[in-house]
Every structure is written in structure tokens, then in C-alpha cells.
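S.K.: Take 5 as the starting number for the sequence shown in the working numbering and just add one per residue. Ideal placement from N, C-alpha and C gives every residue a C-beta, glycine not left out. Below is one structure. I have some questions about it.
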Amino acid sequence: MSQEHLSQIPILYEDNHLLGIVKPVNIPTQADVSGDPDLLSLLKDDIKVRFNKPGNVYLGLVHRLDRPVGGAMIFAKTSKAASRLSEAVRSRSFRKVYAAVVHGQMPAPRGTLRDMLLKDPKTNTVSVVNKGTPGAKEAVLDYEVLGTTGAFSLIRVELHTGRSHQIRVQMNQAGCPLYGDQKYGSRVNKPGQQIALWSVIASFPHPVTKEDVKLVSLPPAEHPWSLWNEAIYNRLKSE
């Protein structure tokens, strides 16, 4: 992604302490084995250019989005802000709300999913395991079905834990794999489909002023998101 393309990344919020943006899909949040340009490095370069900063630019990664996932994301521009935001994540005063399109219908219009998840770093995959499994961590999310059409459902998800691949794994475990998810839903998805998972809301107390900050980003109005009308679509960002 060139500097020209970087300028097209919408900035949702910015001050001396924070940078909130809309993460583009299919770009890694931070450098990985692919060697592809990553969001953290690109944003650092952008700050360096925009503010004419000499030397290294600090930008702290507070939370992550999987490479194929887009949407609202916050970065810290100071180490103090990074530390306080990380504490907000740990204390669960950092809210994360996502939109997902899944295959099939959920067992209830709304509910809570609790699973024990175990990550295999060798394959970068996560599986649901029995309680008491060494290394397993509890994953909790609330969901609400906003609409169903044909073979798909539009789901609003609020995360209470931030486990790797959590929504993807838990929805698949519930029998409703995400549209386009090649890793956990290959039996129902076609190669090349874009995963339908989007970070809609990231809200938290400002690390310095303590005022509430709320970043909001709606998914692009294209298939499969466009299967629902605008009124349902806009309910994704409602409280």
C-alpha cells in the first residue's frame, strides 16, 4: 500500500494521544512472515510525513484485527496512552462490537457463547477444547441476530474476551461459520470470498481526559452485507 493509498484510510479520531482509523481488509495489523506492508508501519510512516517528525515515531498496538478483517481500530501515540488503553482492555472497559454474516441460523435470536479455546501457533489455528485443557482460555461473546435472508444471517457481536480468531471459531462451533472464512468454514465457502467480519465499534475511556471515545465504522455496502436494507444495517451501531 503506497503513501497515496494510505491517505485513503479514513481517520475516525486523532489527537496527541490516539489515532483511530478504519483498517482496510487484507492487510496485516503488524509485520508478519508474509513480509507484506503492515498497517502499523504504514501509519508510523504517515505520522512521520504529516507531522514532519524526525527519527522514530511511536505508535502502540492496543488490539488486533485479523488480516482479512476491516473496521474501527485504535492506536496509541504515546507509551502512557498505550499502557492505559491496554489496562482498559484487561479490565474490559474497552468495548468491541463486530458485525458478521454467517451461514445458517443461530440457535436463538440472541444469546451468549462460552467456549474454551486453544491456539496452535504452528498452524495458526484455534480449536474448541474441554475445560481443564492445558493452555486453553475461556472465550465469551454476546450475539444478536439482526436479520436473516435465504441461507445467511446478519449478526451483531460484542466481545467480552479478545481471543485469537474468537468470533470465527465460536460461530463455527455454533454451526454457523462466517461467510468467506476459508480457515474455519471451508466446507461452505468458496476460495477467494472475502470474510464477512467487521469491527463496527471500539469504545473506551480516553487514556488522559477519561471522556468516552467511540469509534464507529460500518461494513462496505457490498455483497454479502448488501443483502439487508439500510435500516437493519444501521442497527449494527446502535447501543
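On the DSSP letters alone, give me the boundaries of the beta strand (DSSP E) that Pro52 sits inside.
M.R.: Working through the sequence shown from its first residue, we reach residue 52 at position 48. It should be noted that the sequence gives Lys, not Pro, for residue 52. Per DSSP, Lys52 belongs to no beta strand (DSSP E); it is in the alpha helix (DSSP H), Leu43 to Arg54.
S.K.: Excluding the 5 residues preceding and the 5 following Glu142 in the sequence, name in chain order all residues of the same chain whose CB lies nearer than 7 Å to its CB.
M.R.: Here residue 142 is taken as the residue at index 138 of the sequence shown, counted from 1. Excluding residues within five positions, the ones whose Cβ falls inside 7 Å are Arg118, Met120 and Thr165.
S.K.: At what residue ranges does the region 84-158 contain a whole run of the beta strand (DSSP E), taking only runs of 3 or more?
M.R.: Runs found: 99-107, 114-124, 129-133 and 141-153.
S.K.: Applying the criterion that 16 or more other CB atoms from any shown protein chain within 10 Å of the CB defines a buried residue, is Phe98 buried or exposed?
M.R.: Here the question's residue 98 lines up with position 94 in the sequence shown. Buried, by the Cβ-count rule.
S.K.: Helix, strand or coil for Trp202? Go by DSSP, reduced to three states.
M.R.: Counting from 1 along the sequence shown, the entry for residue 202 is found at position 198. In the structure shown, Trp202 sits in a strand (DSSP, three-state: E or B).
S.K.: What separation, rounded to the nearest whole angstrom, lies between the Cα atoms of Tyr237 and Trp229?
M.R.: Within the sequence shown, numbered from 1, the residue matching residue 237 stands at position 233. Within the sequence shown, numbered from 1, the residue matching residue 229 stands at position 225. The alpha-carbon atoms of Tyr237 and Trp229 are separated by roughly 8 Å.
S.K.: Exposed or buried, what is Ala249 when buried is set at 16 or more other beta-carbons lying within 10 Å of its beta-carbon?
M.R.: No answer is possible for residue 249: the residues shown for the chain start at 5 and end at 243.
S.K.: Tell me which same chain residues have a C-beta within less than 6 Å of the C-beta of Ser168, skipping the five on either side of it?
M.R.: Position 164 of the sequence shown, counting from 1, holds the residue named residue 168. So the qualifying residues of the chain are Lys123 and Val130.
S.K.: Taking all protein chains shown into account, do 16 or more other C-beta atoms lie within 10 angstroms of the C-beta of Asn176, making it buried, or fewer, making it exposed?
M.R.: Here residue 176 is taken as the residue at index 172 of the sequence shown, counted from 1. Counting Cβ neighbours within 10 Å, Asn176 comes out buried, since at least 16 surround it.
S.K.: Which residue marks the beginning of the beta strand (DSSP E) containing Val220, and which one marks its end?
M.R.: Stepping through the sequence shown from its first residue, residue 220 is reached at position 216. From DSSP, the beta strand (DSSP E) with Val220 extends over Asp216 to Val220.
S.K.: Tyr237 lies in the alpha helix (DSSP H); which residues open and close that run?
M.R.: Residue 237 sits at position 233 when you count from the first residue of the sequence shown. Here the alpha helix (DSSP H) through Tyr237 covers Glu234 to Asn238.
S.K.: Taking DSSP as the reference, what is the three-state secondary structure of Ile171?
M.R.: Along the sequence shown, read from residue 1 onward, the residue named residue 171 stands at position 167. Reduced to three states, the DSSP call for Ile171 is helix.
S.K.: Beta strand (DSSP E) containing Ala80: first to last residue?
M.R.: Counted from its first residue, the sequence shown places residue 80 at position 76. Looking at the DSSP string, the run of the beta strand (DSSP E) that includes Ala80 is Gly74 to Ala80.
S.K.: With 16 other CB atoms within 10 Å as the buried threshold, where does Lys100 fall?
M.R.: For this step, residue 100 is matched to residue 96 along the sequence shown. By the neighbour-count rule (16 or more Cβ atoms within 10 Å), Lys100 is buried.
S.K.: Shortest alpha-carbon distance to Pro209 belongs to which of Pro113, Gln170, Thr137 and Ala92?
M.R.: Taking the sequence shown and counting its residues from 1, one reaches residue 209 at position 205. The residue with the shortest Cα to Cα distance from Pro209 is Ala92.
S.K.: Identify which residue in Val53, Val173 and Pro125 has its Cα closest to the Cα of Val144.
M.R.: Taking the sequence shown and counting its residues from 1, the one referred to as residue 144 is at position 140. Out of Val53, Val173 and Pro125, Val173 has the C-alpha closest to the C-alpha of Val144.
S.K.: Return the residue from the list Ala76, Ile13 and Asp40 that minimises the CA-CA distance to Leu222.
M.R.: As a first step, residue 222 must be located in the sequence shown, where it is residue number 218. It is Ala76 whose Cα lies nearest to the Cα of Leu222.
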